[in-house]
Amino acid sequence: MTGSVQNPLGRSRRRGLRTLRVRITIVAGLVITAAVIAGLIVLYILQIQSVHNTLDGQLRTYATQITQSAPTGKWPRVLPPSTLDANAEAQVISADGKVLAATRSLANLPAMYALPPKSSASVRLKAADGVIPDEARVVAVRQRIGGQNVTIVTATSTSLLTKLRSTFTAQLLLCFPLILVVAAAAVWLIVGRALRPVEEIRNAVTDITSADLSQRVPEPGTPDEIGNLAHTMNDMLQRLETSAQRQRRFVADASHELRSPLAAIRTTLEVGLAHPGQAPWPVIAERARQQSNRLEDLIQQLLLLARADEQTLALRQQTVDVAELLSDVTATTTSHDVQIRLDATEPLAILGHPDHLTRLFRNVVDNAVRYAASTVQVGAVTTARHITVRITDDGPGIPEADRDRIFNRFVRLDRSRERGSGTTGLGLAIARDITTAHQGTITATDNPAGGACFVISLPRPGATSGPDETH
0 MTGSVQNPLG RSRRRGLRTL RVRITIVAGL VITAAVIAGL IVLYILQIQS VHNTLDGQLR
60 TYATQITQSA PTGKWPRVLP PSTLDANAEA QVISADGKVL AATRSLANLP AMYALPPKSS
120 ASVRLKAADG VIPDEARVVA VRQRIGGQNV TIVTATSTSL LTKLRSTFTA QLLLCFPLIL
180 VVAAAAVWLI VGRALRPVEE IRNAVTDITS ADLSQRVPEP GTPDEIGNLA HTMNDMLQRL
240 ETSAQRQRRF VADASHELRS PLAAIRTTLE VGLAHPGQAP WPVIAERARQ QSNRLEDLIQ
300 QLLLLARADE QTLALRQQTV DVAELLSDVT ATTTSHDVQI RLDATEPLAI LGHPDHLTRL
360 FRNVVDNAVR YAASTVQVGA VTTARHITVR ITDDGPGIPE ADRDRIFNRF VRLDRSRERG
420 SGTTGLGLAI ARDITTAHQG TITATDNPAG GACFVISLPR PGATSGPDET H
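The sequence shown begins at 0 in numbering that gives the first Met the number 0 and counts up by one.
So this is what it looks like as structure tokens:
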């Protein structure tokens, strides 16, 4: 049996080469090395240029020295050597190309260079071959001495430049790997130090499990990208922990709420079955029906909250008359002890889901009726951008510290868990989710006359961005 066997060491090595630290080290090391070498090359070019300028200056000085040695045009047989460069050679050439004087090594030799008219660059002649190296540095100047136009040609060896080039090339070949190693090592250490907090964050995130979201990643405390990353990670973990806690509480509360009516139905039936001949079966059936209705209503509320979590509450929208919805809600809400007054007669159109908006208003009105002493007032006004519905009661009111908490799920301000009231603590939570799905807000405040006031603000279709004005 044959097959390919992958080497774990090879896979590990390939993964190591793909790490951010290795990639940054390679790229930065090459960039730094290239920059250093480019700087060395620039310095080398500048040094060569400086040597050229020095040699040209020495040759011009030598030409001036030659001019001063024969001010009357009577040239010596052998020109004096240069005081700055012992290797310099020179010729004094007349306008017709005749050599008038030369240094000792060029004596009795024809002109080596010529200076064309209106040109400052000398031209190498055939006679220079084998006598003056091709790479020699040459300077030619025109002078008029003793009434005669002459050209003074000075030249010197460039062995210094050749030695400089050789030295630079050798040093560059020697320093290149050294610079690369030093740069890579420096970048490796710097990047490792910079990425150490990232590795600590990664290890901390690896240790965090869904069973315990209370752990946090270490924050370096520096105002940089890594510090911002750690802070953002902790914010995300905080939100996840809060969401998980809320979900666990929701599941626990929902299970408790669902178990209660089921237990009541089972208990009622068990009592009847224990004495089938004496049990009041119509009463038992009515109690079972009431608990079944309560169970059905609770399941519908839980489904509605699930849809709210999925942000699918207000997908179907149409033009809805808020005044008409409020009229239907108040007309169908029955209470023997509480009077409901409606102050909303003119059409108040918005875009929304009619069934969900009806549930919104009914939940808030039912809550107000439950706690009112005698009266619930329902009113609606329109502004430039919103339709505002106010539902007030004359009950005990809501403590300021609880005005946000009452919109949470399964919250009862009296902390009672009795089921006789028929409440589940979901009505205001559903009202808030429906309001949010319609881009509106709902808040709880004080009723100036005593009691609680719920303010629901819903955006009008085609609302402008100008200031609100009550109509």
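Each residue gets a CB set at the ideal place from its N, CA and C atoms; glycine is no exception. Please read all numbers here as calculations on a predicted model, not as lab measurements.
Around the beta carbon of I441, 16 or more other beta carbons lie within 10 angstroms, which makes this residue buried.
Per the DSSP secondary-structure output, H385 pairs in a beta bridge with P458.
Scanning its chain for C-beta atoms nearer than 7 Å, with the 5 sequence neighbours on each side dropped, one finds no residue around L173.
Shown here, A101 sits in a strand according to DSSP, grouped into three states.
Annotation for N362: the continuous alpha helix (DSSP H) segment containing it runs 353–370.
Remark: C-beta atoms of I23 and V197 do not approach each other more closely than 8 Å.
Residue state for I131 is assigned as coil, using DSSP reduced to three classes. V130 is positioned such that its CB atom lies no closer than 8 Å to that of R59. Within the stretch 45–114, the beta strand (DSSP E) runs of at least 3 residues that lie entirely inside it are, in chain order, 88–93, 98–101.
C-alpha of Q90 to C-alpha of S81: approximately 12 Å in a straight line. About 6 Å separates the Cβ atoms of G351 and Q316, confirming a contact at the 8 Å cut-off.
D392 is bridged by DSSP to V375. In terms of Cβ geometry, L359 and L341 do not form a close pair [threshold 8 Å].
Under the criterion of beta carbons closer than 8 Å, L78 and A110 do not qualify as touching, at roughly 14 Å.
I151 sits away from A33, with the two beta carbons spaced by 8 Å or more.
Under the DSSP assignment, R340 falls outside any alpha helix (DSSP H), being part of the beta strand (DSSP E) whose first and last residues are 338–342. Take the alpha-carbon of I40 and the one of R103: they are about 39 Å apart.
DSSP places N233 in the helix class (H, G or I) of the three-state scheme. Distances from the alpha-carbon of Y43 to those of K162, R286, V98, A367 put K162 closest.
By the Cβ criterion, the stretch 367–375 is in contact with the stretch 384–393, since at least three pairs of Cβ atoms, one from each stretch, lie closer than 8 Å. The way I'd put it, the stretch 153–169 does touch the stretch 47–58; three or more beta-carbon pairs between them come closer than 8 Å.
Taking C-beta atoms as the reference points, L457 and L194 fail to come closer than 8 Å. DSSP links A451 through a beta bridge to D445. Residue state for I397 is assigned as coil, using DSSP reduced to three classes. Counting the other Cβ atoms within 10 Å of the Cβ of V149 gives 16 or more, which makes it buried. Considering only E399, D365, R431, the residue with the shortest C-alpha distance to N407 is R431.
As computed with DSSP, I144 is found in a beta bridge with Q147. Closest in alpha carbon position to T332, among E345, S242, A367, L239, is A367.
For D211, the three-state secondary structure derived from DSSP is strand. Around the beta carbon of G38, fewer than 16 other beta carbons sit within 10 angstroms, so the residue counts as exposed. V180 and V21 have their alpha carbons spaced roughly 14 Å apart. Residue range 317–320 is occupied by the beta strand (DSSP E) that includes T318, with no alpha helix (DSSP H) assigned at that position.
Residue environment for G450: buried (at least 16 other C-beta atoms within 10 angstroms of its C-beta). Excluding five sequence positions before and after A229, the CB atoms of its chain that fall closer than 8 Å to its own CB belong to P196, I200, V216, P217, E218, P219, given in chain order. Under a 10 Å Cβ-count criterion, I298 is classified as exposed, with fewer than 16 other Cβ atoms of the shown protein chains found around its own Cβ.
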